[in-house]
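Count the sequence shown with my numbering and you get residues 46 to 511, in order.
Presented below is the structure to which this report refers.
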Amino acid sequence: VCGVAVSLQISSYQKNGVRRVGVSLRMNEKESGMKLEARPVQSKKQERRRIVGNKDFLRSESDFSAEEKARVEEKLLSHMKSSLLENMKANMYETTKGEGNAAVTFRLAKEWGLCWGAERSIELALAAVEKFPDRRKHITNELLHNPGVNQMLKDNDISFIEKTNDGGKKFETVQPGDVVILPAFGATLAEMQYFDELGVTTVDTTCPWVSKVWNVVDRQVSKDMTTIIHGKYSHEEAIATASFCKDYLIVKDIHEAEYVCNYILNPGSTEELSKDNFMKKFAQAMSPGFDPDIHLKKIGIANQTTMYKRETAAIGKLFEATMIKKYPEDASDRFAAFDTICDATQERQDAITDMVEDPDVSQLDFILVVGGFDSSNTAHLVEIPHNKGLTVYHINEADCISETNTLTHRLLDGSIVTTENWLPTDRPITIGVTSGASTPDAYVEEALERVVLLKAAISEDNKIAA
């Protein structure tokens with residue numbers, strides 16, 4: 046693992062018809078990497094603008110020739126598109142494959158899959174391959190949270206800068222004159238400064254919706270506000286966004302937001318609301334030198350663009366009500382919020398909500414969600430039907446579907462489990478289908494074709510056995 050010798054202990058157990066596999070990993074030696082810190086500047090906004098204005102900083106399609114873009118489009122057509130899903134869209138978002146007990150009806154959400162921002166990131170990364178065929182190419186993180194997309198980049202000789210056990214990265218593998226790709230989630234200010242000073246060509250694939258969040262943060266910084274980020278403190282996008290803040294606090298959900306609001310209103314009133322407890326609770330999710338008694342007097346809301354919009358809205362309203370209660374005379378000067386959930390995330394959440402609230406939802410045997418296991422926007426698509434009490438399976442690729450009629454999938458708590466006999470053998474089935482905003486349609490089609498083949502095989506076997 047990452048070039049480090051390890052010992053593995055593997056265990057397996059059965060629970061509620063689901064086989065769970067646990068893997069313990071022990072490092073036999075430590076590995077260290079570079080942990081970058083941003084060089085102090087008067088304005089992070091102006092520093093970012095200075096860097097992106099460099100002639101060796103490429104960030105739009107206009108930076109690539111028509112021939113390079115044409116070769117990229119050819120790759121996208123062969124690896125990313127799906128005639129099956131397009132045909133479903135043209136036929137009331139539904140299709141049936143197979144006959145008799147082997148029949149499978151797929152019902153597609155009306156908005157699904159790869160969004161414009163993700164597709165743009167893939168296009169720019171592949172354009173870098175076409176433009177710089179003889180130069181070493183690196184990427185700072187996964188381009189998107191999708192295993193197929195990241196494997197495609199590796200197949201195109203793009204090296205992923207290795208993360209190390211201490212939370213650093215092996216930036217020393219990048220040399221002057223190399224090409225460095227920044228992923229759709231963006232990069233921290235420290236990384237941007239490092240590569241700018243190193244003398245590389247940077248290809249920035251940051252999603253424009255992420256850049257929009259950064260612009261919101263810039264306005265909050267100009268008003269001397271602390272930014273409350275609705276996100277996951279370890280997620281690449283939240284880390285990048287936090288790097289452009291002056292002071293910040295990251296809350297992952299409404300429960301953490303409620304705790305912070307209770308602290309604002311009643312600091313130190315109970316042991317739970319003590320300053321020490323606050324600092325421990327958010328130790329990894331706050332800016333250096335953060336003091337809740339100082340930095341929660343003026344706040345602005347921002348978010349990781351892939352979070353659940355309804356929860357982000359609820360968090361914003363909660364903080365607004367809290368500031369009005371705490372500072373009734375000048376709350377408007379102490380609070381600011383902007384809607385920065387990306388359109389694609391919201392459209393896919395709305396579409397799966399429509400599916401689960403449709404009167405015909407009872408016709409569905411289950412819902413299949415295709416997307417990276419570490420994809421935040423995909424996880425929220427799973428959460429919606431799960432919260433409605435529906436059976437939902439989250440897979441990251443077709444290989445999760447085994448010819449033995451077992452399915453490897455991710456639960457909402459993050460655990461990866463294997464379910465046996467997940468497809469019935471004695472009747473037709475109807476499956477709701479959607480996919481995350483970082484999932485190309487071709488990967489969804491591959492998974493659906495695997496379902497059809499498996500259903501035919503096990504239904505036929507059942508007939509023979511009978």
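C-beta atoms are modelled at their ideal positions from N, C-alpha and C, and glycine is treated no differently.
In this text, all values refer to a predicted model and were calculated from it rather than measured experimentally.
Item	Value
Under the three-state DSSP convention, the category ASP458 falls into	coil
Length of the line joining the Cα atoms of ALA347 and ASN99	28 Å
With 16 other Cβ atoms within 10 Å as the buried cut-off, status of SER421	buried
Between the CA atoms of ILE309 and GLN196 - distance to the nearest angstrom	46 Å
Beta-bridge pairing of LEU452 - partner residues as DSSP gives them	ILE446 and THR464
Inside the segment 70-104 only - alpha helix (DSSP H) runs reaching at least 4 residues	89-97
Boundaries of the alpha helix (DSSP H) in which TYR353 is found, first to last residue	Neither: TYR353 is in no alpha helix (DSSP H) and is coded neither H nor E.
Residue environment, LYS277, which counts as buried when at least 16 other CB atoms sit within 10 Å	buried
Which listed residue (SER123, LEU122, CYS252 and GLU139) has its alpha carbon closest to that of LEU130	GLU139
Test item: CB-CB of LEU363 and GLU281 under 8 Å	no
C-beta neighbour in chain E for ASN450, strict 8 Å	Structure shown: chain E not included; a single protein chain is present.
DSSP state of THR288 mapped onto helix, strand, coil	Note that residue 288 corresponds to Ser in the displayed sequence, not to Thr. SER288: helix per DSSP, three-state reduction.
Separation of ARG95 from PHE102, as counted between CA atoms	10 Å
Other residues of its chain near ASP211: CB distance less than 8 Å, five sequence neighbours each side excluded	LYS75, GLU76, SER77, GLY78 and LYS80
First through last residue of the alpha helix (DSSP H) which encompasses ARG165	161-176
Secondary structure, beta strand (DSSP E): runs of 3+ residues fully inside the segment 291-331	293-296
N- and C-terminal bounds of the alpha helix (DSSP H) containing TYR239	234-243
Residue burial classification, HIS300 (beta-carbon count within 10 angstroms, cutoff 16)	exposed
Contained alpha helix (DSSP H) runs [length at least 4] in the segment 181-239, N- to C-terminal order	192-200
Euclidean distance between Cα positions of LEU294 and SER332	7 Å
Enclosing alpha helix (DSSP H) for HIS340 [first to last residue]	337-340
Local conformation of THR470 per DSSP, three classes	coil
CA-to-CA distance, LEU493 to ALA154, given in whole angstroms	14 Å
HIS439 beta carbon near the ligand FAD (any heavy atom closer than 7 Å)	Ligands in the displayed structure: none, and consequently the ligand FAD is not present.
Residues sharing a beta bridge with LYS142, DSSP	VAL149
Strand pairing of THR390, partner residues [DSSP]	Answer is none; THR390 lacks a bridge partner.
Residues bridged to THR246 (per DSSP)	VAL224
Bounding residues of the alpha helix (DSSP H) (the contiguous stretch that carries ALA135)	128-135
Same chain only: Cβ atoms within 7 Å of ALA501, ignoring 5 sequence neighbours per side	GLY143 and ALA147
Per-residue burial, LYS176 [other beta carbons within 10 Å of its own, 16 or more giving buried]	buried
As assigned by DSSP and simplified to three states, the class of PHE109	coil
Limits of the unbroken alpha helix (DSSP H) element including ALA482	Neither: ALA482 is in no alpha helix (DSSP H) and is coded neither H nor E.
Three-state class that DSSP yields for HIS275 in the structure shown	strand
Given CYS252 as reference, the closest of LEU499, ALA482, GLU465 and VAL497 once Cα atoms are compared	ALA482
Simplified DSSP assignment, three categories, for ASN348	strand
Proximal residues to VAL262 (C-beta, below 6 Å), its chain only, five neighbours per side dropped	THR272, PHE289, CYS290 and ALA347
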